[in-house]
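To keep things clear, I will list the structure first and then write my remarks on it.
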Amino acid sequence: MKFLKNLVRQREFTIVAVIFTICVVMSFASPIFLTFGNIKALLMGIATSGIICVSMCILMVSGGIDMSVGSVMGFSAVITGMLIKASCPIVVSILAGLLVGTGIGLLNGFIVCKVGISAFITTLAGLNMYRGLTYVVTHGFHQSDLGAKFNAIGQSTLFGIQLPVYYCIILVIIGDILLRRSRFFRQSYYVGSNPAAARVSGINTDLVLMFNYALTGFSAALAGIIYASRSGSASVTAGSGMEVKVITAVIIGGASMSGGEGSVIGAFFGAFLTGLIMNVLTLLSIDVNWQQFVVGATLLIAVMIDTLNNKRRMNQSRKQSRRARID
Amino acid sequence: MGHVLETRGITKNFTGTKALDDVSIYVEPGEVHGIVGENGAGKSTLMKILSGIYRKDSGEIFLNGKQVEFNNPNEAIQSGIGIVHQEVSIVPNLSVAENIFANRQPVNALGLINRKQMNQDTMALLEEFGARDIDPGGQVRFLTIAQQQVLEILKAMSCNPSVLILDEPTSSLTDNESEALFASIRRLKEKGTSFIYISHHLDEIFKICDSISILKDGRFVCRADVKDIDQPFIVRNMVGREITDEYGSGQKQRTAGEVIFEARQLGRVSEFAKVDFKLRKSEIVGVFGLVGAGRTELASSFVGLTQPETGELYFEGKPVKIRSMKQAISMGMAYVSEDRKNSGLFLKKTIRDNIVANKLKKIAKGPFISKKTGDRMAEDAIDRYSVACSSKEQLAGDLSGGNQQKILVAEWLSDVPRVLIVDEPTKGIDVGSRSQIYGFINDLANQGTAVMMISSDLMEIIGMSDRVVVMKDGFVAGEVAKEDMTEEHILSIATGVNQERGIPS
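Same order as they appear, the protein sequences are chains Y and V.
The opening position of the first sequence corresponds to residue 7 in our numbering, with each subsequent residue numbered one higher.
The opening position of the second sequence corresponds to residue 920 in our numbering, with each subsequent residue numbered one higher.
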């Protein structure tokens, strides 16, 4: 009973309930909704952002934020693309792309922790800088014709579903277990919630934060390379707007801008819910322009429900403690 | 030598000021060693050096006879120095167990956190401390402040330190909880743990400490066994003068005038109910109650921070609705909050900016703020309240707790308000500054201000108040006139031990 009660209280549970309701309603409203083709498209649509959600969630739990993920995605992908076109081995090209992403993440972390510039400003600058660099190194040209071998990474299928969906799900599961159960990743909650307390508990807060920024850079690069492989071309505009998408999903999933809360699985459900809403609106042939509005409204409602719930529980626990004293 | 912990010639400078100057103290195995001194005497700085938060400029630290160097808190914890900080440093979104075992969670063979083991270990700790009402798996943000304080202590104890530093551990505990803490300290002492105990409550020092070291202005004054000394000895050595009439009862020249502020049947769900309350001109009304009795909540609704849901407020006989703090200020009310960190001070602003924060209108020339007037006000306040600081441009957050409190008091008491509400005005303040603050409150009351003084310190309530209102569980449980004020009487009303005596006729 207590277990059930705790389960229902979880933010993740609410989102799954909403997702489930939408699915049930849609299965009646649209004959296409439950087809394999539509589900595949839905999953594929969130695979890229889902990969970044994992690390962004961990970063935001530790009190950080990264606005530059979309640009890092594009920049790392064109680096990999250009190296492949310069006939570098595919593995080396990919590693180089990942290294660039991780390096940028580490630099972001260094500036935030050691120089002391706010995370939002640092990575907002990064958003512009790395998108700019993408254009500089490519002179504005997409890097296409990357070869069948490279394209196989994003285009091969397993049981009829493209590989990026599996990548995303595997990363979400690993990420969720790590953030929940591993001592190192768990530190993020202490760092994000109360950095001073974390420090006196013997946690190296700078190390945790810098690691999380590097991880976010790494996964942005990973997502960029997978995206390039899937579309057969490293586009200079790839990933633009990704930061907003990812941060929205992570917050819908239960994280907050002030850190200390959230879970990877929640962030994934957040991404899934936004993808689902897009899909539903398309299927119901509602004007495309409404999509962005609905996603924004979803974000606001999710946060509002949470805030109100917490206030209510705070009141309850206060009443309980008063009653306990009277007894 | 056999000292568990010894410091030799510790010195620490902060941008120009000497916070610690050649301080040498030692702690014997299995003893509780008190450190006493005024605010800014260097107690907290010394503790932060011992726990690896600050680095000393010079001097040596010996732990169990071996010289040690701490570069970070972790190294201090590893070597066996635990600390319970004055400010509660919990992580609200995590469970009780995870707060206690921060960064030391038990792990299974795969290196993953073993929650079951962690909760069991927590349960054992909670039982040992006698805090069975706390659920190891519950989120910490739903605990009361006192429970959170208990958590802090358990966290430090769970590392099995050879020396445990307690910095004002009872500041938010009830008497029962304090007794439970003392019992635990004695138990651990028998097992060989040594303690450093910092407190402004000298009675606690006599209750729990075996020996003390006195600090003054960053220097070591003397060490003494508690059984050889008395309270005046401590005060003399830490203040450098005798304090005789602490509450300034000699300077009382006032008789209560007409009612200026009144609450009738005031109520707010789950906070307080049916409260009748009167404040008269030139009168200090003490409001006493245990933690959670609804005192702060009541005060908040007086000054417009929250809105009462039932009942009425009257100001000078006329019914009023106070919708905001701004309105309350314009009516001539002043409020010194209990929680100086969150709702009192702007920690990232300078002393000057804090002092003028609530009187920007007054120091403005047209639309612009006059820097000169503000500077003068700040300098006056620093002078008048003898705030220990490097200049008026120092950040409020860099001051010691007691000096922060003085800034807060200075911010609000610079005028003669018609109604003054002070909530725990001397929390964490040393004896010397405390009697100063009492003096200022007395002055205002003599000049006609109606004062409501919320406090958990019974001696302070009795010493200062002309009348005491006792609250319990959100209700006014009784009222005590000056001549009936004894500790037992007020406490019995607050705890409800002796109901029939508590209800006023």
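Just so it is clear, CB atoms sit at the ideal spot from N, CA and C, and this is done for glycine as well.
Given the structure is predicted, the values throughout are model-derived calculations rather than measurements.
Handout entry: 8 Å contact criterion, which Q1058 (chain V) and S1014 (chain V) should meet: CB distance rounded
Key = 6 Å
Exercise for the section: Return no unless some Cβ of chain Y is closer than 9 Å to the Cβ of A1455 (chain V). Expected result: A question about residue 1455 (chain V) goes unanswered here, because the residues of chain V that appear run from 920 up to 1424.
Handout entry: Short CB-CB distance (under 9 Å) between I21 (chain Y) and chain V
Key = no
Practice task
Could you tell me whether any Cβ in chain Y is nearer than 9 Å to the Cβ of A1021 (chain V)?
Solution key: yes
Practice task
Please work out which residues of its chain come closer than 7 Å, Cβ to Cβ, to R1051 (chain V), disregarding the five sequence neighbours upstream and downstream, and give them in chain order.
Solution key: L1045
Practice task
Run the CB neighbour count on T341 (chain Y), radius 10 Å, all protein chains shown included, and call it buried at 16 or more, exposed below.
Solution key: What is shown of chain Y runs 7 to 333, which leaves residue 341 (chain Y) out entirely.
Practice task
Starting from the Cα of S1132 (chain V), find the closest Cα among V:D1149, V:A1315, V:V955 and V:C1308 and give me that residue.
Solution key: V:V955
Exercise for the section: Please say whether M79 (chain Y) and K226 (chain Y) have beta carbons closer to each other than 9 Å? Expected result: The residue you asked about is not Lys; residue 226 (chain Y) is Ala in the sequence shown. Contact flag set, yes.
Problem - Option nearest L177 (chain Y) by Cα separation, candidates Y:F224, Y:V206 and Y:C119 - result: Y:F224
Practice task
Measuring alpha carbon to alpha carbon, tell me which of V:L1339, V:L1232, V:E1228 and V:G1208 ends up nearest D1376 (chain V).
Solution key: V:G1208
Problem - P1286 (chain V) burial status per 10 Å Cβ neighbour count (16 or more: buried) - result: exposed
Exercise for the section: Following the continuous alpha helix (DSSP H) through L177 (chain Y), name the residue where it begins and the one where it ends. Expected result: L169 to R187
Practice task
Would you kindly check if the distance between the Cβ of F217 (chain Y) and the Cβ of G335 (chain Y) is under 9 Å?
Solution key: With chain Y covering only 7 through 333, there is no way to say anything about residue 335 (chain Y).
Handout entry: Sub-9 Å separation of G1205 (chain V) and I1381 (chain V) beta-carbons
Key = yes
Practice task
Leaving aside the five residues before and after G961 (chain V) along the sequence, list all residues of the same chain whose C-beta is less than 6 Å from its C-beta, in chain order.
Solution key: A938, L939, L1134 and G1137
Problem - Closest residue to S68 (chain Y) among Y:L282, Y:A204 and Y:S99 (Cα-Cα distance) - result: Y:A204
Problem - Opening and closing residue of the beta strand (DSSP E) in which H952 (chain V) lies - result: V951 to V955
Handout entry: Those residues which DSSP pairs with C59 (chain Y) across a bridge
Key = The partner list for C59 (chain Y) (beta bridge, DSSP) is empty, contrary to what the question assumes.
Practice task
Return the first residue and the last residue of the alpha helix (DSSP H) that T254 (chain Y) is part of.
Solution key: M248 to I258
Handout entry: Status (buried if at least 16 other CB within 10 Å, exposed otherwise) for F34 (chain Y)
Key = exposed
Problem - Through-space distance from T1112 (chain V) to G247 (chain Y), alpha-carbon basis - result: 58 Å
Practice task
Measure the alpha-carbon distance for E267 (chain Y) versus E1406 (chain V) and round it to whole angstroms.
Solution key: 45 Å
Exercise for the section: Determine the DSSP secondary structure at P1238 (chain V), reduced to helix, strand or coil. Expected result: strand
Exercise for the section: Check each residue of the segment 990-1010 of chain V: if its Cβ is closer than 9 Å to any Cβ of chain Y, include it; give the result in chain order. Expected result: N991, P992, N993, E994, A995, I996, Q997, I1002, H1004, E1006, V1007, S1008, I1009 and V1010
Exercise for the section: Have a look at P16 (chain Y) and I90 (chain Y) and give me their C-alpha separation to the nearest angstrom. Expected result: Contrary to the premise, residue 16 (chain Y) reads as Gln rather than Pro in this sequence. So the alpha carbons of these two residues sit roughly 46 Å apart.
Problem - 8 Å contact criterion, which A1175 (chain V) and R1199 (chain V) should meet: CB distance rounded - result: 4 Å
Problem - Proximal residues, the segment 1369-1390 of chain V versus chain Y, C-beta separation under 9 Å - result: none
Practice task
Please classify E1343 (chain V): is it buried, with 16 or more other beta-carbons within 10 angstroms of its beta-carbon, or exposed?
Solution key: buried
Problem - Short CB-CB distance (under 9 Å) between Q1024 (chain V) and chain Y - result: yes
Practice task
Give the single residue among V:F1234, V:V1370, V:G1293 and V:I1274 whose Cα lies nearest to the Cα of K1325 (chain V).
Solution key: V:I1274
Problem - Below-9 Å beta-carbon distance, Q16 (chain Y) vs any chain V residue - result: no
Handout entry: Residues bridged to E1202 (chain V) [DSSP beta-bridge criterion]
Key = V:A1369
Problem - Buried or exposed by the 16-neighbour rule on C-beta atoms within 10 Å, applied to N1322 (chain V) - result: buried
Problem - Residue range of the beta strand (DSSP E) that includes S1130 (chain V) - result: S1130 to K1135
Handout entry: Reduced DSSP secondary structure (H/G/I, E/B, other) of G1421 (chain V)
Key = Since pLDDT at G1421 (chain V) reaches only 36, below the 50 mark, its modelled position is unreliable, and the value read off the structure follows with that caveat. Note: G1421 (chain V) maps to helix in three-state DSSP.
Practice task
Give the DSSP bridge partners of G1397 (chain V), in chain order.
Solution key: V:V1389
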